[in-house]
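Residue numbers (UniProt numbering): 1 to 363.
Read through the structure below, which is laid out as structure tokens, and then see the notes.
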Amino acid sequence: MAAASNSVAFAWLAYYFAVNLAITIYNKSVMHFLHFSYPWILTGIHSLGSLAGCVILARTGAFTPKRLSTRDNLVMFAFSLLYTVNIAVSNLSLHAVTVPIHQVVRSSTPFFMILINIIWLAKYPSRPRFLSIVPTLLGVALATYGDYYATPWGLFLTLLGVVLSALKGVATNQVLVGPLKLHPLDLLLKMSPLALAQCLVCAVAAGEWQEYRDNFLWTRFAVVAIVGNGAVAFAMNYVSFTANKMTSAVTMGVAANVKQALSIVLSVWLFDLAVNATNVLGILITLGGGAWYTRVEFQERSAVQKLTDTPSSPKRALSSPGVAKSPVVVPRERSPGRNHSDHKDVVVEFGTGGGGPGNGHAY
């Protein structure tokens, strides 16, 4: 049973990783080849695609939307604002720091997720899990090594963006597994219209909407490509929320760092990105760190689930701390709980899972 549960969780994590990488490259392609340089509008298209997909699946009975109280609706509105503010802060910070330092700072998101888990949820990571995160941070620093420059204000904004991204990842996990216990598609259904409206307001305020109307020329190929982008974004959001629910926010953050390294490899081939030996070493370290973290995650989940699934004698169960009148000893798991890209990826892609902007999905 434990092995089956782990297999399902890591299957969803693999789906998340693959679709996350796909949407990152897809976004790059739309902006690079179609010259669709309107990140707020593109994010709005992602939200519209997600809304359409959720409505269709709800009508076919794939899930039943949950009725929320006024208080819960306010929580959802605040939740959507967190995503929008996260993107806005990322936009501002990129004007004051170089892309390499922006990526290095944002790769520390898993550490901030751990800190938020400790402060907010009193969840502490094991030492092996904490140490296994270090190589991905070092690897991203080497993989994105370049022109490091930041003003004090820019560094502050970048760090603020990391904190917001980490908070978003942990909050996503809590909405899915906490008191609300929303189905991933239901969360996406409730989030999409709010995010769409907020993105359009930001596009108008930033002057992006007027620039789009004045300069962009729609062709049949552009329509197909951008509609397809919205469809892939829907898949990304669904897979991201499901993987977050079945693993943890920190795991999603580590996966996003590994995806960032692989996106560099694909960018070399697709966009003629130049890399040096230091960048290659960083990519290898990041991939190795991701494999190490996955191994630790698998071992810890297996150990906990084996204990949970093993019946104990009533006498032992009643004498165990924190367990009363139960024939099974259920240990308390102490584990936490959202990429190398140019600035347009960071602006477009909300992170959910771990990662905030740059994670490859509209939320």
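Every residue gets a Cβ at the ideal spot worked out from N, C-alpha and C, and that includes glycine.
Keep in mind the model is a prediction, meaning the values are calculated, not measured.
- Message: Quick check on DSSP: helix, strand or coil for residue 275?
- Response: By one-based count along the sequence shown, residue 275 stands at place 275. Of the three classes helix, strand and coil, the one that applies to residue 275 here is coil, per DSSP.
- Query: Apart from the five residues just before and just after residue 258, which ones in its own chain have a Cβ nearer than 8 Å to its Cβ?
  - Reply: Residue mapping note: residue 258 aligns to position 258 of the sequence shown, counting from 1. Excluding positions up to five away in sequence, the list reads 17, 136, 286, 287, 289 and 290.
- Query: Closest to residue 81 by CA distance: which of 184, 191 and 294 is it?
  - Reply: Along the sequence shown, read from residue 1 onward, the residue named residue 81 stands at position 81. Ranking the options by Cα distance to residue 81, first place goes to 191.
- Given residue 121 as reference, the closest of 86, 12 and 178 once Cα atoms are compared: Looking up residue 121 in the sequence shown gives position 121. Checking every option, the nearest Cα to that of residue 121 belongs to 178.
- Query: Of all the CB atoms in chain D, is at least one closer than 8 Å to the CB of residue 30?
  - Reply: Any reference to chain D falls outside this structure, which holds one protein chain only.
- Message: To test your reading of the DSSP string, which unbroken alpha helix (DSSP H) runs of 4 or more residues are found completely within the stretch 197-275?
- Response: 208-215, 220-246 and 249-271
- Item | Under the three-state DSSP convention, the category residue 291 falls into | Here the question's residue 291 lines up with position 291 in the sequence shown. Of the three classes helix, strand and coil, the one that applies to residue 291 here is helix, per DSSP.
- Query: Does the Cβ-Cβ distance between residue 144 and residue 104 come in under 8 Å?
  - Reply: Taking the first residue of the sequence shown as 1, we reach residue 144 at position 144. Taking the first residue of the sequence shown as 1, we reach residue 104 at position 104. The answer is yes: Cβ separation under 8 Å.
- Using 10 angstroms around the beta-carbon of residue 196, count the other beta-carbons present and answer buried if the total reaches 16, otherwise exposed. In the sequence shown, counting from the first residue as 1, residue 196 sits at position 196. Buried: at least 16 other Cβ atoms inside 10 Å.
- Per-residue DSSP class, three states only, for residue 122: Numbered from its first residue, the sequence shown carries residue 122 at position 122. Coil, per DSSP.
- Distance CB(residue 273)-CB(residue 264) smaller than 8 Å: The count along the sequence shown starts at 1 and reaches residue 273 at position 273. The count along the sequence shown starts at 1 and reaches residue 264 at position 264. In contact: residue 273 and residue 264 (Cβ atoms closer than 8 Å).
- Query: Can you tell which of 54, 301 and 262 has the C-alpha that lies nearest to the C-alpha of residue 64?
  - Reply: As a first step, residue 64 must be located in the sequence shown, where it is residue number 64. Taking only the C-alpha atoms, the option nearest residue 64 is 54.
- When DSSP builds the beta bridges, which residues end up paired with residue 386? The displayed coordinates of the chain run from 1 to 363. Any statement about residue 386 would go beyond what the structure contains.
- Which whole-angstrom value is the C-beta distance of residue 109 and residue 253, which I expect to be below 8 Å? The sequence position of residue 109 within the sequence shown is 109, counting from 1. The sequence position of residue 253 within the sequence shown is 253, counting from 1. The pair is a contact, with the Cβ atoms about 5 Å apart (cut-off 8 Å).
- Message: Short of 6 Å in beta carbon distance, which residues of its chain neighbour residue 234, apart from the five on each side in sequence? Order them along the chain.
- Response: Here residue 234 is taken as the residue at index 234 of the sequence shown, counted from 1. Excluding positions up to five away in sequence, the list reads 49, 50 and 53.
- Query: Where does the unbroken alpha helix (DSSP H) through residue 178 begin, and where does it stop?
  - Reply: Translated into the one-based positions of the sequence shown, residue 178 becomes position 178. Taken as a continuous stretch (DSSP letters only), residue 178 belongs to no alpha helix (DSSP H), as it is neither H nor E.
- Item | residue 298 (DSSP reduced to helix, strand or coil) | What you label residue 298 is simply residue 298 of the sequence shown in a count that begins at 1. Looking at residue 298 - three-state DSSP - the assignment turns out to be helix.
- Count the other C-beta atoms from every protein chain shown that fall within 10 angstroms of the C-beta of residue 255, then say buried if there are 16 or more, exposed otherwise. Position 255 of the sequence shown holds residue 255. Answer is buried; the Cβ neighbour count reaches 16.
- Item | Nonlocal neighbours in the same chain, by C-beta distance under 6 Å from residue 231, ignoring five residues either side | Within the sequence shown, residue 231 is the residue found at index 231, counting from 1. Counting only Cβ-Cβ distances below 6 Å, and skipping sequence neighbours, we find 49.
- With distances taken from CA atoms, which of 97, 28 and 153 is nearest residue 146? As a position in the sequence shown, residue 146 is number 146, starting the count at 1. Nearest option by C-alpha distance: 97.
- Item | Burial state of residue 157, where buried means 16 or more other Cβ atoms lie within 10 Å | Reading the sequence shown from its first residue, position 157 is the one you call residue 157. Buried, by the Cβ-count rule.
- Query: Which of the three DSSP states, helix, strand or coil, is assigned to residue 36?
  - Reply: Along the sequence shown, read from residue 1 onward, the residue named residue 36 stands at position 36. Looking at residue 36 - three-state DSSP - the assignment turns out to be coil, as it is neither helix nor strand.
- Task: Count the C-beta pairs between the stretch 213-221 and the stretch 71-78 that are closer than 8 Å, then say yes if the count reaches three, no if not.
- Result: no
- Task: Assign residue 102 to one of three DSSP states: helix, strand, or coil.
- Result: Reading the sequence shown from its first residue, position 102 is the one you call residue 102. Helix, per DSSP.
- Task: Tell me whether the beta-carbon of residue 206 lies closer than 8 Å to the beta-carbon of residue 40.
- Result: For this step, residue 206 is matched to residue 206 along the sequence shown. For this step, residue 40 is matched to residue 40 along the sequence shown. Their beta carbons are under 8 Å apart, which means residue 206 touches residue 40 by this criterion.
- Excluding sequence positions up to five away, which residues of its chain have a Cβ less than 6 Å from the Cβ of residue 14? Counting from 1 along the sequence shown, the entry for residue 14 is found at position 14. Cβ within range, chain order: n/a, list empty.
- Under 8 Å between the Cβ atoms of residue 66 and residue 159? Translated into positions along the sequence shown, residue 66 becomes position 66. Translated into positions along the sequence shown, residue 159 becomes position 159. No, they are not a contact pair.
- Measure the alpha-carbon distance for residue 22 versus residue 43 and round it to whole angstroms. Here residue 22 refers to the residue found at position 22 when the sequence shown is read from its first residue. Here residue 43 refers to the residue found at position 43 when the sequence shown is read from its first residue. Approximately 16 Å, taken between the alpha carbons.
- Query: So what does DSSP say about residue 69, is it helix, strand or coil?
  - Reply: Taking the sequence shown and counting its residues from 1, one reaches residue 69 at position 69. Residue state, collapsed to three classes: coil.
- Message: Give me, in chain order, the residues of the same chain whose beta-carbon lies closer than 8 Å to that of residue 292; leave out the 5 immediate sequence neighbours on both sides.
- Response: Position 292 of the sequence shown, counting from 1, holds the residue named residue 292. Cβ within range, chain order: 132 and 135.
- Message: Do residue 100 and residue 38 have their beta-carbon atoms positioned less than 8 Å apart in this structure?
- Response: Position 38 of the sequence shown holds residue 38. Position 100 of the sequence shown holds residue 100. Cβ distance not < 8 Å, so residue 38 and residue 100 don't count as in contact.
- Range of the contiguous alpha helix (DSSP H) that encloses residue 136: On the sequence shown, residue 136 is found 136 positions in, with the first residue counted as 1. 127-143 is the extent of the alpha helix (DSSP H) around residue 136.
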